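Novice: Got a structure for you, questions after.
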Amino acid sequence: EWYAAMFDRADADFVEMKAFMHVGNSRDRLDRDVMPDHEAVVGFTEAVGEYLPTHPVLRDVEASRVALLAREEDTWVPKLKGGSEFWEANPYGS
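When we follow this note's numbering, the leftmost residue of the sequence shown carries the number 36, and every step to the right adds one.
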């Protein structure tokens, strides 16, 4: 609820939820076993999304452990509106 309120106050069109990745200098700060799996990222994104009904989950990419909430209407980037052909594309290319 707190995160959703922050995103709502920011009037964000897009909110990207990304897992901590155990790479680079982060390996010195946290153990690999605290790195959330993709299901945890999607679960957290869906929980935040319950408080942001205008921002459904439009895309998630398991390999990157990332999920995106995006405003369906009134976005400042018309090409990225929900349901546009942009969202139909394969994120990994053809």
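C-beta atoms are modelled at their ideal positions from N, C-alpha and C, and glycine is treated no differently.
All figures in this text were calculated on a predicted structure; none of them were measured in a lab.
What is the residue span of the beta strand (DSSP E) that aspartate 95 lies within?
Specialist: Where aspartate 95 is concerned, the enclosing beta strand (DSSP E) stretches over 92-96.
Novice: Okay, do the stretch 54-67 and the stretch 112-119 touch, 3+ Cβ pairs below 8 Å being the bar?
Specialist: No, the stretch 54-67 is not in contact with the stretch 112-119.
Novice: Measure how close the beta-carbons of arginine 136 and valine 76 come, nearest whole angstrom, since I'm counting them as under 8 Å.
Specialist: This structure cannot speak to residue 136, because the chain is shown only from 36 to 129.
Novice: Expressed to the nearest angstrom, what Euclidean distance is found between the alpha-carbon atoms of glutamate 120 and valine 92?
Specialist: Cα-Cα distance, rounded: 16 Å.
Novice: Please list, in chain order, all residues of the same chain as phenylalanine 49 whose beta carbon is under 6 Å from its beta carbon, the five residues on each side excluded.
Specialist: Ala105.
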